[in-house]
Amino acid sequence: MDSVSVNKKYGYWHWRTLIVLMIGYALFYFVRKNFSIAMPALESELGFSKTQLGIFLTLNGVIYGVSRLVNGFLSDKIRNKKGLMALGLLLSAGVNIAIGFIPSVNSFFTVLDAEGKATMGFIYIMGSLWLINGWLQGMGYPPCSSLMAHWIKPSELATKQSIWNASHSLGAGALGFLIAFILGHFTNAAWQWCFWVPAILAVMGSAMIFFGIKNTPQEVGLPSVHELDKQNVQDSSKTKISMSAEAEELVSKRCLKEMVLANPIIWLISIADFFVYIIRFTILDWGSTILVQFKGMDTARAASTIGAMEIVGGILGCIAAGWITDHFFKGRAQRTSAVFTLLATVSLALFWVAPKNDVFSIALIVLSAFFIYGPQALLGIACSNQATKYGAASANGICGVFAYLAPIVSGVVFGAITQSTGDWNMVFLLSIAMGVVGTVVLGLLWFKPGDGYAKVDKIIAEVKSELGEE
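Quick note: the sequence shown uses the working numbering, first residue -9, plus one each step.
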């Protein structure tokens, strides 16, 4: 196959994969973040306390982080990565449908009291289902990171994965507008449809993922992206790096150890991600509630604001961060992340002290999202580039555990503080302090390389030499 044909075919398939993964992962958000955006309605209709809601957020986040770790290692080992992602989305949709039907079991179990409020039975059932959903959601990101590492050239990964990362904001943003429409037209009593409608869309998304993409370029007759990136392809047969199955397996094992488990860069990125996600979850999980109770907005407008925050601030922030990384910092995502984390912290502080004016509130929360979604996107990209295609999902799994320990602070701790004090000031103060610490940790990585492919080339050469395949 000549270079023109290879590049044309690669262009078609890598964009097709990127678009399907964007839509698919956005739909994961439909059946995960619907709970957070609907929390004011759950408080109003079912009588949940902030402490209970915070516990839900925390347990879901921790289980999700563990699931990302387990499914990260699994994604690097199995061939059918798209199948794992599609299955997770389908089952997550099923859990959301079940949550909407909890009131229907009141004839068998007492889940609603005489006033129609949630009993402890309701809370236990919903909590159990939301824990299961946390695990199923962890089947989404790892296959995505692995598939992108297989389909996108390392030199383009920061920009392209930042474009993909807009799926977080597309999902949460579109969901915010959807829930605003449901609650605005049918009142808080329609909370069940905040679970059912997203679930129906997620079922369709699962089919799209399974039938719409391939697992690797080799499945459509293309060379690997590492080969395409390393050389200007004139003849794909000349650029193929041949390795026996034994060599490939040995390279994978060594890369997992040296590029992931024993790589201090991966661990520092993961620690930084913990602090980044505290700010992110303060904005995303509590944003709707903060706008209603701290800034004085009505529920429907607050949900719409979260939608605008995600779509305008989040998407532009992701794309801007990726472009800056590739064009100004030569692929060093940690540098952009440090700058953006600092600016996100400043924006959140300004949101805190700004007067209760809807225009100020909307502008500053959108600005906070713009900056925090930069490192949120880039730290996963940094893990993929540092671990390379041989360990991208595993490295992101480790990073995910740290990131989703953040709900311990942003969920149950912040919920309990607000419940006991009756205001949000301590929450803002702690979030800002966490942002400063995250900025410092990222600063320690300023002079580290942008990716680990040079080290992988050495590992490949060493393995081939040991096995006499040179």
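For every residue, glycine included, the Cβ atom is placed at its ideal position computed from N, Cα and C. Everything numeric in this text was worked out from a predicted model, so none of it was measured.
The C-beta distance from ILE169 to ALA298 rounds to 13 Å, too long to meet the 8 Å contact threshold.
Taking the C-beta atoms as reference points, LEU274 is found no nearer than 9 Å to LYS454. In this structure, the straight-line span from the alpha carbon of SER136 to that of PHE330 is close to 25 Å. CA-CA distance, ASP103 to ILE115, rounds to 15 Å.
One alpha carbon belongs to MET12, the other to SER(-7), and they sit about 28 Å apart. Straight through space, the alpha carbons of GLY458 and ILE305 are spaced by roughly 49 Å. At the C-beta level, ILE450 and MET233 come within 9 Å of one another.
Within the same chain, and ignoring the five residues on either side of ILE142 in sequence, the residues whose Cβ sits closer than 8 Å to its Cβ are HIS4, LEU8, LYS150, GLN151, VAL215. By the Cβ-count criterion, ASN347 is exposed, with fewer than 16 other Cβ atoms from all chains shown falling within 10 Å of its own Cβ. The straight-line gap separating the alpha-carbon atoms of GLN42 and VAL402 is approximately 8 Å. Judged by their CB atoms, ILE256 and CYS373 are nearer to each other than the 9 Å cut-off. Within the DSSP secondary-structure output, ALA108 pairs in a beta bridge with LEU102.
When C-beta atoms of the region 390 to 404 are compared with those of the region 339 to 346, fewer than three pairs fall below 8 Å, so the two segments do not count as touching. THR295 sits close to ILE355, with the two beta carbons spaced by under 9 Å.
Around the beta carbon of GLU300, 16 or more other beta carbons sit within 10 angstroms, so the residue counts as buried.
In terms of Cα proximity to TRP186, the closest of PHE91, MET138, ALA235 is PHE91. Burial check for HIS158: the Cβ neighbour count within 10 Å reaches 16 or more, so the residue is buried. For the 9 Å CB-CB criterion, GLY14 and ARG58 do not form a contact. Between PRO30 and SER278, the CB-CB gap stays under 9 Å.
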